[in-house]
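Here's the structure, in structure tokens; my notes come after.
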Amino acid sequence: MKSIKVISLILIAVAWVTLTACSSSKITVPSETSEETLAPLVTEKAVPAKKEQEVVVGFTLQNLSNPFFVAMSKGATAGAMLHGADVIIVSAEGDLAKQTAQIEDFITKKVSVILLNAVDSKGIAGAVSQARAAGIPVIAVDVGADGGVNTVVTSDNFLAGKLAGEYIVKRLNGKGNVVVIDGPPVSAVTDRINGFEEAIKATPGIRVVAKQNGFGNRETSVTLMETILQVKGKGKIDVVFATNDPSGVGAKIAVEQAGRDKEMFIVGVDGAPDAVSALKEKKSFVATSAQYPFEMIKLAMDEGFKVLKGEKVESLIKIPVDLITQDNVETYKGW
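The sequence shown lines up with residues 1 to 335 when you count with UniProt numbering.
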């Protein structure tokens with residue numbers, strides 16, 4: 001009997017220990033549960049920060065061989081920093097198909113806004129339409145673009161051409177032969193040509209004797225100008241109007257190499273560093289209508305964020321330009 005009592009006591013003791021152990025394990029449950037309920041709260045707090053970090057601007061520009069576009073890329077980086085956003089900058093290298101693919105890639109990456117410096121104002125329309133259909137705002141910068149962009153932020157390119165034309169008319173005293181070096185099929189170039197033609201149309205003594213495309217490239221324009229000089233002999237050219245400074249500097253190189261820099265003068269558009277250096281030489285390159293690419297792209301970035309916030313924006317925003325000559329170049333701040 002005693003052995004049975006001892007066994008019973010042992011069993012009771014084991015049962016008590018087991019119950020106590022079970023009670024102890026239950027006490028830890030609320031602690032584990034409280035940790036699990038905290039996790040969603042941390043996640044909820046992190047979501048807005050993550051979304052803020054995911055504000056990405058996609059910027060595709062014509063090329064990065066032109067200092068003008070390099071200045072724009074720097075402005076885009078600065079503008080993105082001011083807005084606390086990331087920016088993806090890609091160069092289309094003057095290739096419409098490549099730029100179209102870049103915009104399609106932006107759409108796939110679901111960027112917040114696209115800044116577009118179009119290679120071809122009309123040709124890029126399809127890609128712009130795709131972006132807008134995906135709910136992504138598109139801000140055209142420097143040149144216009146078809147397809148339904150939210151706004152265009154650009155220099156007053158008509159004024160740039162007009163200022164150059166007026167300067168040419170005055171310097172030639174209303175009589176002379178002009179070579180025009182045209183550029184890519186974008187609105188900025190078209191507007192500059194229109195402004196130039198507006199300035200000279202009331203002066204019949206000013207005649208355009210050649211108009212060819214330098215594609216906005218210095219090397220191409222050197223070769224182009226060499227050919228024009230061969231066709232147009234001495235005394236047949238009085239001035240070259242180039243629709244951007246790389247073309248103007250290219251023309252300058254060709255003219256100087258041919259030893260004909262005393263026969264003619266050259267006027268460009270941009271206010272580029274190379275043009276500033278050429279102006280300070282006080283030789284054949286005499287004037288340029290200066291743009292402000294750094295400020296332009298930052299303004300375009302601002303407009304993009306306005307659209308994201310649901311604010312209204314103007315369909316066209318023009319930035320004034322200034323005529324820089326050999327006489328006032330020392331006061332010009334440049335890019």
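Where is the CB? At the ideal position from N, CA and C, for every residue including glycine.
First and last residue of the uninterrupted alpha helix (DSSP H) at residue i
i           : result
residue 157 : 157 to 171
residue 207 : Residue 207 -> not in any alpha helix (DSSP H); beta strand (DSSP E) instead, spanning 206 to 213.
residue 307 : 293 to 308
residue 231 : 218 to 231
residue 107 : 96 to 109
residue 258 : Looking at the DSSP string, residue 258 is not in any alpha helix (DSSP H), and its letter there is neither H nor E.
residue 189 : 187 to 200
Best match in the options for proximity to residue i [C-alpha to C-alpha]
i           : options            : result
residue 326 : 217, 319, 287, 311 : 287
residue 193 : 313, 265, 253, 289 : 289
residue 208 : 139, 303, 238      : 238
residue 242 : 280, 141, 161      : 161
residue 136 : 306, 200, 142      : 306
residue 191 : 165, 277, 229      : 165
residue 126 : 102, 142, 256, 109 : 102
residue 333 : 294, 308, 313      : 294
residue 131 : 83, 235, 110, 141  : 110
residue 331 : 301, 167, 276, 315 : 276
residue 146 : 324, 315, 233      : 315
residue 104 : 86, 229, 124, 284  : 124
residue 172 : 197, 205, 201      : 205
residue 201 : 256, 168, 80, 152  : 168
residue 321 : 155, 235, 298      : 155
residue 93  : 117, 71, 108       : 117
residue 291 : 54, 87, 83, 67     : 67
residue 309 : 83, 62, 157        : 83
residue 54  : 60, 80, 71         : 80
residue 151 : 303, 335, 323, 329 : 303
residue 189 : 270, 298, 328      : 270
residue 158 : 257, 323, 265, 297 : 323
residue 203 : 176, 282, 140      : 176
residue 261 : 272, 212, 273, 233 : 233
residue 285 : 266, 236, 328      : 266
residue 283 : 297, 296, 273, 263 : 263
residue 256 : 246, 274, 236, 226 : 226
residue 280 : 216, 133, 328      : 328
residue 163 : 174, 210, 197      : 197
residue 170 : 231, 319, 199      : 199
Span of the beta strand (DSSP E), counted from its first residue to its last, around residue i
i           : result
residue 91  : 86 to 91
residue 269 : 265 to 270
residue 274 : No beta strand (DSSP E) holds residue 274; the alpha helix (DSSP H) holding it covers 273 to 281.
residue 126 : From DSSP, residue 126 is part of no beta strand (DSSP E) but of the alpha helix (DSSP H) over 125 to 133.
residue 114 : 113 to 116
residue 141 : 138 to 141
residue 239 : 239 to 242
Strand pairing of residue i, partner residues [DSSP]
i           : result
residue 318 : 154
residue 177 : 207
residue 289 : 269, 323
residue 182 : 213
Supposed close pair residue i, residue j - CB separation, criterion 8 angstroms
i           : j           : result
residue 112 : residue 57  : 6 angstroms
residue 186 : residue 95  : The pair is not a contact, with the Cβ atoms about 14 angstroms apart (cut-off 8 angstroms).
residue 195 : residue 244 : With a Cβ gap of about 14 angstroms, residue 195 and residue 244 do not count as contacting.
residue 301 : residue 97  : Not a contact, Cβ separation roughly 26 angstroms.
residue 250 : residue 219 : 7 angstroms
residue 253 : residue 214 : About 12 angstroms separates the two Cβ atoms, so there is no contact after all.
residue 89  : residue 59  : 5 angstroms
residue 153 : residue 138 : Contact flag wrong, Cβ pair sits at about 12 angstroms.
residue 298 : residue 78  : 6 angstroms
residue 229 : residue 258 : 5 angstroms
Which residue spans inside the region 56 to 84 form an unbroken alpha helix (DSSP H) run of at least 4? 67 to 82
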